[in-house]
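A short worksheet on the structure shown next.
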Amino acid sequence: MKLTSTTLAVIATLGVALSGNAQAEAEINSPVRVAIDHLGVPWVHKDDSAGLWREKPLPHGQKAIATAGGYFHYHFGTGPDDKGYAYYEGATFAVGENGNAYRYQNYDWQSVVGCWGAQDVSSFTVDHAYCVNGDGTLKKFNDVSDSFEGYYAISNEKIKKIDVALGGVIWAITESDKLFKFDGIKWAQQKVACGNLCSLVDVAVGGGQVYVVASIYGSNDGPQSVYTLNNGNLVKFGSFYNIDVDREGVIWAISNYTRTLFLKRPGMSEFVEDVQMSYKVSTNIGS
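Mapping of the sequence shown onto my numbering: residues 8 to 294, in sequence order.
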């Protein structure tokens, strides 16, 4: 494991943090999510006992247009003199309105080169993180060079939105409103009964389900709504504006009515509103 300054900073504080049970409880393996509020400001959340959403604006006051979550790893020590160590794996990203990509490190956003005119970003782990380049192709993140590199393209298509799922499988929406899946070898178009009066906005994959955010002309569901993909058909999924699923299967969705954030953990029968974000209007969520 590469010990970054973030890792070392956490190690330095663990001796204090682990002195009380309440503090120690917060140091657990936990998914990281990033919500974007209506002002374009990212809010970072680590799913531990504290569960705080922290406001983390992008540099120079620019608005965020896309985010990707990540994971916080904690390893217990072996005894009183070994407090263990913790680190963010480095798979949390954001894209600003100016087309620049950023990585969340040392508790702040750091500029990442290689993805120019960036439109979207998604990650499953740091080894499976991709950015949508301005020309509609994909770049893959290289943790060694700390940059986006390579070239992934769909023939005769321009990619606009992506979601990276389990195993690094990529789901992509193109400007021509087509849905594709990349298994690491080839792209395959997926059947979506959307038609000319339907526009695909975003995609999220998790828990064995594909969620499509779409705008359907003449619908009473607002400017866009969330649907599940069932044998090529779009099936309405609640009354949500946007959606994402984290690595532990927690579904995060933004209400179509209040634009506030709701969640549903595995085993829960209903969505519940996130109390801390109930006062904040959100537009997007990356996990």
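Where a beta carbon is used, it is the ideal one built from N, C-alpha and C, also for glycine.
- When the beta-carbon positions are compared, V233 and V220 come within less than 8 Å of each other.
- With respect to the 8 Å criterion, K271 and F278 are classified as neighbours on the basis of their beta carbons.
- With respect to the C-alpha of A136, the residue from V48, L65, Q117, A101 having the closest C-alpha is A101.
- The bridge partners DSSP lists for D150 come to none.
- Below 8 Å, too few C-beta pairs join the region 77-95 and the region 144-157 to call them touching: fewer than three.
- If you keep only unbroken beta strand (DSSP E) runs of at least 3 residues inside the region 120-193, you get 127-130, 136-139, 145-149, 154-159, 166-171, 177-181, 186-189.
- About 5 Å separates the beta carbon of S294 from that of D251, a gap short enough to meet the 8 Å contact definition.
- For G47, there is no enclosing beta strand (DSSP E), since its DSSP letter is neither H nor E.
- Along the length of the region 207-294, whole beta strand (DSSP E) runs at least 3 residues long occupy 216-223, 232-237, 240-243, 247-252, 258-262, 268-271, 289-293, reported in chain order.
- Taking a contact to require three or more Cβ pairs closer than 8 Å, the region 115-122 and the region 81-88 do not qualify as touching.
- Going by beta carbons, V39 and V51 fall inside the 8 Å limit.
- Cβ atoms of G157 and G141 stay farther apart than 8 Å, at about 15 Å.
- N240 sits exposed, since fewer than 16 C-beta atoms from the chains shown fall within 10 Å of its C-beta.
- In the structure shown, the three-state DSSP call for P64 is coil.
- Judged by DSSP secondary structure, V102 falls within the beta strand (DSSP E) whose first and last residues are 100-103.
- Between the alpha carbons of T132 and S37 lies a distance of about 13 Å.
- Scanning its chain for C-beta atoms nearer than 6 Å, with the 5 sequence neighbours on each side dropped, one finds around A160 the residues T144, in chain order.
- Under DSSP, F79 forms a beta bridge with S37, Y95.
- Excluding five sequence positions before and after L236, the CB atoms of its chain that fall closer than 6 Å to its own CB belong to V217, V219, given in chain order.
- Under DSSP, A42 takes part in a beta bridge, and its partners are W50, I292.
- By the neighbour-count definition (other C-beta atoms within 10 Å, threshold 16), Y114 is an exposed residue.
- Beyond the five residues adjoining it in sequence on each side, D209 comes within less than 6 Å, by CB distance, of K168, V220 in the same chain, given in chain order.
- A straight-line Cα-Cα distance of about 11 Å links R266 and E280.
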